[in-house]
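Residues in the sequence shown are numbered consecutively from 34, following this note's numbering. Report on the structure given below.
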Amino acid sequence: MPAKHSASRAAPLLFLICAVIIGAWTVLPADAAAPPVLVVDPGHGGLDGGATAADGSPESAINLAIARRVRLLAQLFGLQVRMTREGEELDYPPEAESVHAKKVWDQKRRVALIARTEGAMLLSIHQNKYPDARPRGCQVLYAGTADSAAWAELTHANLVAALCPENRRVAAPISGDIYLMREIDCPGILVECGFLSNPQEAARLKSPDYQLELAVVLTASYLQFLSTRFQGDTG
Ligand SMILES: [Zn+2]
């Protein structure tokens with residue numbers, strides 16, 4: 034059913050989200066002291082492919098494909114964007130010899146990049162996996178830092194309304210085990226876009242059309258959140 038309806042859904046969805054973006058954009062102040070910087074984090078990468086779909090597709094590549102679309106859309110609207118990785122390969126330092134050392138180095142590198150980015154807003158992109166093939170749908174998790182919960186709740190509501198209306202999950206605080214989300218000082222959300230363990234959803238998550246739809250909703254939600262945040266600051 035999702036594949037059959039995806040093409041007809043895309044046009045009105047894009048129109049609707051563009052209206053939200055334009056509406057949000059008009060209330061953003063041009064003279065903000067520290068303009069927000071959207072730090073887009075495609076989860077995993079390098080030696081760490083993350084979860085895998087039944088056909089062997091790694092989560093890391095899907096995360097990167099969605100992240101690149103978010104960057105493109107955000108830049109089209111004049112937003113500042115940084116990526117925590119640009120490709121599937123990572124340039125590990127020679128002193129990180131073991132797989133574990135390489136993963137630790139990469140996580141610390143991402144935290145340091147975020148820490149030195151003034152006005153950072155972290156959007157980490159992941160895919161879910163479960164031993165049972167039935168679960169599907171998105172979920173937005175948030176860090177314990179200020180503004181994270183509000184940004185996550187808005188983004189989760191928009192994702193559910195636009196892309197997975199049957200979803201019964203809610204935005205939730207993230208486990209303290211996730212190093213990146215635990216170590217940041219800025220607002221941060223982690224989006225589980227869907228379940229790679231569900232074959233129908235895995236096929237959808239690999240589709241460039243659906244990746245674009247996800248990116249549109251994530252970018253629009255960021256803009257919508259910024260508009261409410263700045264409105265709150267000024268008045
Ligand atoms: Zn992941």
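Yeah, the Cβ is synthetic: ideal placement off N, Cα and C, and Gly gets one too.
Checking the 7 Å criterion, the Cβ of Glu92 is within range of a heavy atom belonging to ligand 1. For Gly221, the Cβ stays outside the 7 Å cut-off from all heavy atoms of ligand 1. A straight line joining the alpha-carbon of Tyr163 with that of Thr252 spans about 27 Å. Scanning Val250, Gln257, Phe258, Ala235 for the CA closest to the CA of Ala87 turns up Ala235.
Gly76 has its CB nearer than 7 Å to a heavy atom of ligand 1. In the DSSP assignment, Glu225 falls within the unbroken beta strand (DSSP E) covering 221-228. Going by C-alpha positions, Leu97 is about 14 Å away from Thr85. Contact check for Ser157 against Leu123 fails: the beta carbons are separated by 8 Å or more.
Relative to ligand 1, Gln140 has its C-beta separated by 7 Å or more from all heavy atoms. Taking the Cβ of Gln172 as the reference point, every heavy atom of ligand 1 lies at 7 Å or farther away. His189 has its CB no nearer than 7 Å to any heavy atom of ligand 1.
Of the residues assessed, Ala148 falls on the exposed side of the cut-off, its CB having fewer than 16 other CB atoms within 10 angstroms. Taking the CA atoms as reference points, Leu187 sits about 42 Å from Pro127. Within the same chain, Cβ atoms closer than 8 Å to the Cβ of Val70 are found at Gln113, Val114, Arg115, Thr150, Glu151, Gly152, Ala153, Met154, the five residues on either side in sequence being excluded. DSSP, reduced to helix, strand and coil, places Ser157 within a strand of the structure shown. Distance from the CA atom of Phe110 to the CA atom of Arg102, rounded to whole angstroms, is 13 Å.
Assigned with DSSP and collapsed to three states, Asp81 falls in strand. With contact defined as three or more Cβ pairs closer than 8 Å, the stretch 203-221 and the stretch 169-178 are in contact.
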